[in-house]
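*Asks:*
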Amino acid sequence: MDASIKQLARERMKGHCRVCPQCDGRACAGEVPGMGGLGTGSSFRANVEALARVKLAMRCLHNAAQPDTSTEILGLKLALPLMAAPIGGVAFNMGDASQNPVDEAAYAEAVICGSKQAGIIGCGGDGVGSLIPDCAFAAIR
Numbered sequence: 001m002d003a004s005i006k007q008l009a010r011e012r013m014k015g016h017c018r019v020c021p022q023c024d025g026r027a028c029a030g031e032v033p034g035m036g037g038l039g040t041g042s043s044f045r046a047n048v049e050a051l052a053r054v055k056l057a058m059r060c061l062h063n064a065a066q067p068d069t070s071t072e073i074l075g076l077k078l079a080l081p082l083m084a085a086p087i088g089g090v091a092f093n094m095g096d097a098s099q100n101p102v103d104e105a106a107y108a109e110a111v112i113c114g115s116k117q118a119g120i121i122g123c124g125g126d127g128v129g130s131l132i133p134d135c136a137f138a139a140i141r
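Just so you know, UniProt numbering puts the end of the sequence shown at 141, numbered straight through with nothing missing.
Here it is, written out as structure tokens:
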């Protein structure tokens, strides 16, 4: 990742994210506000570890130049068997509006629309009160 992007992230996420070289939830487990996952952060770390075990053996079984990564899940055709994580509470977990120019509605819109454009499943977050799921539902509509 470009150093200027990391520097901008450090500035905007100060006090909320350490912008670690590898985001695995260890440094920020259970911190609120923050990005490290709820409680002990064990689910976050387990997901990172499970994903690290996935390896693609390119062209070991065939010589396909353009493999088809699409799949169908619950009757929904996807370009890739992938889901965007259900994250919410960006104002609380990523800093106030003076630090973070993305509010809850803009974040939900970006995730849902970007996921749809990419052909994957986009998820919205939940949380205390109705703002977070309301923004996710509005983006889905």
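For every residue, glycine included, the Cβ atom is placed at its ideal position computed from N, Cα and C.
Here the structure is a predicted model, which is why all the values come from computation and not from measurement.
Whole angstroms are fine: how far does the CA of R10 sit from the CA of I140?
*Replies:* As a working mapping, residue 140 is identified with position 140 in the sequence shown. As a working mapping, residue 10 is identified with position 10 in the sequence shown. Roughly 30 Å separates the two Cα atoms.
*Asks:* Checking 8 Å against the spacing of the C-beta atoms, do V48 and D24 come in under that value?
*Replies:* To locate residue 48, count along the sequence shown from 1; it is residue 48. To locate residue 24, count along the sequence shown from 1; it is residue 24. Yes, these two residues count as a Cβ contact at 8 Å.
*Asks:* Drop a sphere of 10 angstroms on the beta-carbon of A52, count the other beta-carbons inside from all chains shown, and report buried for 16 or more, exposed for fewer.
*Replies:* Counted from its first residue, the sequence shown places residue 52 at position 52. By the 10 Å Cβ count, A52 comes out exposed.
*Asks:* Quick check: is any heavy atom of the ligand ZN less than 7 Å from the C-beta of Y107?
*Replies:* The ligand ZN is not part of this structure, which contains no ligands at all.
*Asks:* Assuming G36 and C28 are in contact, meaning their beta carbons sit under 8 Å apart, how far apart are those beta carbons, in whole angstroms?
*Replies:* Counting from one through the sequence shown, the residue named residue 36 turns up at place 36. Counting from one through the sequence shown, the residue named residue 28 turns up at place 28. About 3 Å separates the two Cβ atoms, so the contact holds.
*Asks:* Tell me the rounded alpha-carbon separation between P133 and G88.
*Replies:* Translated into positions along the sequence shown, residue 133 becomes position 133. Translated into positions along the sequence shown, residue 88 becomes position 88. Taking the straight line from one Cα to the other gives about 8 Å.
*Asks:* Could you tell me the distance, in whole angstroms, from the CA atom of A118 to the CA atom of E72?
*Replies:* Numbered from its first residue, the sequence shown carries residue 118 at position 118. Numbered from its first residue, the sequence shown carries residue 72 at position 72. Using only the alpha carbons, I get a separation of about 15 Å.
*Asks:* Any contact between the region 76-88 and the region 118-127? By contact I mean 3 or more CB pairs, one from each, below 8 Å.
*Replies:* yes
*Asks:* What are the partner residues of E72, as DSSP defines its beta bridges?
*Replies:* Taking the sequence shown and counting its residues from 1, the one referred to as residue 72 is at position 72. Paired residue(s): K77.
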